[in-house]
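Below is one structure; the comments refer to it alone.
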Amino acid sequence: RGSLRASPVSPAGTRAAVSDKFVVGVRMTGTEHMPGGITIDESTRMARMAVEEGLDYVHLTGGCWEAARWDLPEEDNTMLAEGQAMKAALPIPVITPGFHKPENVEAAITGGGADVVSLCRPLIADAEWANKVAAGQTDKIRKCIRCIACLQRVRRNLPLRCEVNREVGMERYRPENWRINAPGHKDFRLPG
29 RGSLRASPVS PAGTRAAVSD KFVVGVRMTG TEHMPGGITI DESTRMARMA
79 VEEGLDYVHL TGGCWEAARW DLPEEDNTML AEGQAMKAAL PIPVITPGFH
129 KPENVEAAIT GGGADVVSLC RPLIADAEWA NKVAAGQTDK IRKCIRCIAC
179 LQRVRRNLPL RCEVNREVGM ERYRPENWRI NAPGHKDFRL PG
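Add 28 to a position in the sequence shown, counting from 1, and you land on the number used in the working numbering.
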């Protein structure tokens, strides 16, 4: 069996560099979804070794460059099986991505596919996604259409934009987003 101790970027190396109160996690591929690629058995085995070295959580991803459709899925629940396998094998929290629909998020957590879910594109399309879900206003969520225009722009070193939310990238111009406690703001006051 191999050891992760040799690497300065291992959980043990990271744990040695920070206090015990510091949370150490890793984002790792569950399955690469290609011949000869990493399988869920291999990634689970690596995650178990990392837990022994002090890892606090695993944040899953899927696919690889040759299987990008798994990294940017066009439907929900594509990484649910990997999340279930990791949760069954590990004593630490598992973060599972790949969800856009609130009902699928709840089912993943209650059904054992995730301790936590991560959202990216849904929050770009609607930064109030979680607040609307919590308020029971899922019908008011501005839905991501999974066009990937947001990420294509970032990969070309262009500012983030969204096809369904034209305010993305313009937040600094909206007064409701300004920090009233920032020096220079007309309502700024020092505490005390």
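Note that the Cβ used here is the ideal one computed from N, Cα and C, for glycine as well. If you're wondering where the values come from, they're calculated on a predicted model, not measured in any experiment.
| Check | Outcome |
| --- | --- |
| Alpha-carbon spacing of E204 relative to A163, whole angstroms | 20 Å |
| Rounded C-alpha distance that separates R43 from G126 | 29 Å |
| Length-filtered (4 minimum) alpha helix (DSSP H) runs lying within the region 69-128 | 96-99 and 108-117 |
| Bridge partners - T138, DSSP secondary structure assignment | In the DSSP output, where bridge partners are listed per residue, T138 has none listed. |
| Same chain, Cβ closer than 6 Å to C190, neighbours up to 5 away in sequence not counted | I152, A153, C178 and V196 |
| Unbroken beta strand (DSSP E) run spanning V182, endpoints | Looking at the DSSP string, V182 is not in any beta strand (DSSP E); the run it does join, the alpha helix (DSSP H), is A177 to R183. |
| Proximity to D143 [Cα-Cα], best of A96, Y85 and L186 | Y85 |
| Whole-number beta carbon distance between L188 and R181, since they are thought to touch under 8 Å | 6 Å |
| Cα-Cα separation between V122 and R76, rounded to whole angstroms | 12 Å |
| Spatially closest choice to D167 from I176, W157, E94 and D99, by CA coordinates | W157 |
| Rounded Cβ spacing between G90 and T57 (contact assumed at less than 8 Å) | 6 Å |
| Within 8 Å, strictly: CB atoms of V54 and I120 | no |
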